[in-house]
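Counting in UniProt numbering, the sequence shown runs from 1 upward without gaps. Take a look at the structure set out below.
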Amino acid sequence: MQQVQGVVARKKGAPVEIVTINIPDPGPGEAVVKVLSCGVCHTDLHYREGGINDDFPFLLGHESAGIVESVGSDVTEVAPGDFVVLNWRAVCGQCRACKRGEPHYCFATHNAKQKMTLEDGTELTPALGIGSLAEKTLVAAGQCTKVDPEARPAAVGLLGCGVMAGIGAAINTGAITRGKSIAVIGCGGVGAAAIAGAALAGASPIIAVDIDAKKLAKAKQLGATHTINSSDQDPVEEIKRICAQTYEGADGADVVVEAVGRPETWKQAFYARDLAGTVVLVGVPTPDMKVPDLPLIDVFGRGGALKSSWYGDCLPSRDFPMLVDLYRQGRLDLDAFVSEEIGLGDVEAAFDKMHHGDVLRSVVIL
1 MQQVQGVVAR KKGAPVEIVT INIPDPGPGE AVVKVLSCGV CHTDLHYREG GINDDFPFLL
61 GHESAGIVES VGSDVTEVAP GDFVVLNWRA VCGQCRACKR GEPHYCFATH NAKQKMTLED
121 GTELTPALGI GSLAEKTLVA AGQCTKVDPE ARPAAVGLLG CGVMAGIGAA INTGAITRGK
181 SIAVIGCGGV GAAAIAGAAL AGASPIIAVD IDAKKLAKAK QLGATHTINS SDQDPVEEIK
241 RICAQTYEGA DGADVVVEAV GRPETWKQAF YARDLAGTVV LVGVPTPDMK VPDLPLIDVF
301 GRGGALKSSW YGDCLPSRDF PMLVDLYRQG RLDLDAFVSE EIGLGDVEAA FDKMHHGDVL
361 RSVVIL
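Structure below.
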C-alpha cells in the first residue's frame with residue numbers, strides 16, 4: 001500500500017478537499033497508474049452534488065492519461081512503463097454482447113475489486129470507477145488503453161470521457177458520414193467533440209446550436225459550418241432552413257445530437273431531424289426528467305431512429321489509439337479542448353468556471 005494526495009467530495013454540495021488516500025498494491029487483474037493529467041468533467045460536479053448517487057465520499061476524476069506503475073497477477077494487456085489513457089468501461093469478453101461481437105455494448109464492464117480508502121480506512125467511491133484526480137489511482141487493467149507515448153497527456157486524456165462521448169455520438173452512434181447533415185444541440189465539451197467528429201467524418205452542413213456565443217465560436221473553430229444562437233432564433237426552423245439550402249427537399253438534419261440532456265432540447269432534436277433521420281441523446285439527464293409528450297403518430301410518421309449513446313458507443317482498445325494517431329497527424333485538434341492547465345488545489349474554482357461556461361475543460365496537471 002502507498003499514500004498519495006487526491007481530491008475528495010465528502011458530502012453533497014460541500015467544497016472538495018485535497019486529502020491523503022491509501023492506494024492498495026494491485027491485485028489480480030488490477031493496475032496502479034501514476035496520473036499525469038486529469039480533466040475536470042461535469043460528471044465530477046454531478047458526483048459532488050449527489051446527482052449520480054449518494055455513495056460518499058467520492059474520489060473524483062476520470063478523464064486521465066498516465067503511466068502504469070505496477071500490475072497484479074494475470075495482467076497481460078499492459079505493463080509497467082506503458083503510457084495509457086484510462087477508460088471507464090473495461091469489457092468482460094464473456095457477456096452476451098461481447099460474445100455476439102459487440103463489446104462496445106458490454107453488459108458486465110468492471111472496475112478494480114479492491115477499494116482505495118481515506119487514512120482512517122473509510123472506503124472511497126471512485127468516480128466512474130476510476131478516481132484519477134489524484135497522484136495515483138487503482139483501476140482494473142482493462143481500464144488502461146495504451147496509446148502513442150509522444151502524445152500530450154492533457155489533450156489525449158480527455159478521450160477518457162467527454163471527448164470520446166461526443167466524437168462517438170456522431171460517428172459511432174449517429175453513423176454520420178459524407179453526404180449527411182448533422183446538428184448538435186449543446187456545445188459544451190461533449191457537443192464540441194461531436195462537432196469535431198462530424199468534421200472528421202466529412203459531414204455537411206454541420207450545425208452548432210447553443211445559447212452561448214463563446215461556445216458557438218469554439219464550435220466554429222472545431223468544424224461547424226453554421227451556428228445558431230437558440231436564445232434569439234428558433235433552432236428547429238433554422239436547422240430545417242439550412243439543410244434545405246444544401247439538400248433539395250430536406251426537412252431537417254440527417255442526424256441531430258442532443259448534448260444537453262433536457263426534455264425540451266431533446267424535443268427540439270426530435271423535430272429538427274429529417275424524415276428517417278436519427279436523434280442521438282448523449283447529454284445526461286437527471287433521474288426526474290421525462291420524455292416529452294409527443295404524438296405517437298409523429299414518432300411513427302417520421303421514421304428513423306431515437307438512440308442513446310453510451311460513452312459514444314466506443315471500444316477504447318479500438319478507438320483511443322486511432323484518435324490519438326489522428327491527433328498526432330494534426331487531423332483532430334484535441335488541444336482545442338484544453339482551456340487551461342491547473343493544479344489539484346484548483347478543482348473547486350474549475351467547477352465555478354464550468355458553471356459560467358468559461359471553459360471546455362480545465363485539466364489538472366500532476
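Using N, Cα and C, we set each Cβ at its ideal position, and we do this for glycine too. This one's a predicted model, so the numbers in the text were calculated from it and none came from an experiment.
Using CA atoms only, rank isn't needed, just tell me which of the options is closest to residue i.
| i | options | result |
| --- | --- | --- |
| Ala203 | Leu222, Cys187, Lys215, Lys218 | Leu222 |
| Lys214 | Gly197, Ala165, Ala192 | Ala192 |
| Gly72 | Ala97, Gly61, Ala112, Asn53 | Ala112 |
| Gln5 | Thr117, Ala90, Cys92 | Thr117 |
| Leu45 | Ala9, Val139, Glu69, Leu296 | Ala9 |
| Ala97 | Leu158, Phe107, Ala90 | Phe107 |
| Val7 | Gly186, Leu124, Val184 | Leu124 |
| Val299 | Tyr271, Ser308, Ala14 | Tyr271 |
| Gly166 | Gly142, Ala198, Glu17 | Ala198 |
| Ser156 | Lys115, Val190, Val85, Thr246 | Strictly speaking, residue 156 in this sequence is Val, with Ser absent from that position. The residue with the shortest Cα to Cα distance from Val156 is Val85. |
| Ala90 | Asn53, Val33, Ala141 | Ala141 |
| Asp293 | Pro263, Trp310, Thr122, Gly93 | Pro263 |
| Arg178 | Leu200, Arg318, Ala79 | Leu200 |
| Val291 | Leu306, Gly301, Thr225, Gly81 | Leu306 |
| residue 452 | Gln143, Asn53, Gly162 | In this structure the chain extends from 1 to 366, so residue 452 is not present and cannot be described. |
| Gly13 | Glu49, Cys41, Val33, Val32 | Glu49 |
| Thr20 | Asp120, Glu102, Ile52 | Asp120 |
| Leu332 | Ala79, Val163, Glu150 | Val163 |
| Val284 | Val257, Leu296, Ala79, Leu60 | Val257 |
| Tyr247 | Lys180, Cys187, Gly51, Glu150 | Lys180 |
| Gly343 | Glu102, Gly39, Pro287, Tyr311 | Gly39 |
| Cys41 | Gly189, Ala183, Ala151, Cys95 | Gly189 |
| Asp346 | His355, Phe337, Val364, Asp74 | Val364 |
| Ala244 | Val33, Lys220, Leu275, Ala259 | Leu275 |
| Gly27 | Val75, Glu150, Gln233 | Val75 |
Put residue i into one of helix, strand or coil per three-state DSSP.
| i | result |
| --- | --- |
| Leu158 | helix |
| Ile23 | strand |
| Arg100 | coil |
| Cys243 | helix |
| Ser362 | strand |
| residue 369 | Given a span of 1 to 366 for the chain in the structure shown, any question on residue 369 remains unanswerable. |
| Asn172 | helix |
| Ile297 | helix |
| Glu77 | coil |
| His355 | helix |
| Val4 | strand |
| Ser37 | strand |
| Glu258 | strand |
| Ile167 | helix |
| Ala151 | coil |
| Ala108 | coil |
| Leu118 | strand |
| Asp333 | coil |
| Val91 | coil |
| Glu264 | helix |
| Leu326 | helix |
| Ile195 | helix |
| residue 369 | Here the chain comprises residues numbered 1 to 366, so residue 369 is not present and cannot be evaluated. |
| Glu237 | helix |
Can you name, in chain order, every residue of its own chain whose Cβ lies under 7 Å from the Cβ of residue i, other than the five neighbours on each side?
| i | result |
| --- | --- |
| Val35 | Ser64, Gly66, Ser132, Ala134, Glu135, Lys136, Thr137, Leu366 |
| Met1 | Asn22, Ile23, Pro24, Asp25 |
| Asp313 | His104, Gly168, Asn172, Thr173 |
| Ile211 | Asn229, Ser230, Ser231 |
| Gln268 | Ile185, Pro235, Val236 |
| Lys11 | Phe56 |
Who are the Cβ neighbours of residue i in its own chain at under 6 Å, not counting the five residues just before and after it?
| i | result |
| --- | --- |
| Glu340 | Ser362 |
| Phe351 | Leu45 |
| Lys353 | Val359 |
| Ile228 | Val209, Pro235, Glu238 |
| Val280 | Ala169, Thr173, Gly174, Val257, Lys307, Ser309 |
According to DSSP, residue i sits in a beta bridge with which residue or residues?
| i | result |
| --- | --- |
| Val16 | DSSP lists no partner for Val16. |
| Ser308 | Leu281 |
| Asp210 | Asn229 |
| Phe83 | Ile67 |
| Pro126 | Leu59 |
| Ile342 | Val364 |
| Leu138 | Val32 |
| Arg273 | Ala253 |
| Cys144 | Leu86 |
| Ile182 | Ile206, Val255 |
| Ala9 | Phe58 |
Which whole-angstrom value is the C-beta distance of residue i and residue j, which I expect to be below 8 Å?
| i | j | result |
| --- | --- | --- |
| Ser37 | Ala196 | Incorrect: roughly 19 Å between the Cβ atoms, too far for contact. |
| Val255 | Ile176 | 5 Å |
| Glu348 | Pro126 | Contact flag wrong, Cβ pair sits at about 19 Å. |
| Leu158 | Leu323 | At roughly 10 Å, the Cβ-Cβ gap does not stay under 8 Å, so Leu158 and Leu323 are not in contact. |
| Trp88 | His62 | 6 Å |
| Thr278 | Gly51 | No, Thr278 and Gly51 are not in contact; Cβ-Cβ is about 27 Å, not under 8 Å. |
Once the 5 residues before and after residue i are set aside, which same chain residues still bring their CB inside 8 Å of it?
| i | result |
| --- | --- |
| Lys240 | Ala250, Asp251, Gly252, Ala272 |
| Pro321 | Thr145, Lys146, Val147, Asp148 |
Check whether the Cβ of residue i lies closer than 8 Å to any heavy atom of the ligand SAH, and answer yes or no.
| i | result |
| --- | --- |
| Val19 | The ligand SAH is absent from the structure shown, which contains no ligands of any kind. |
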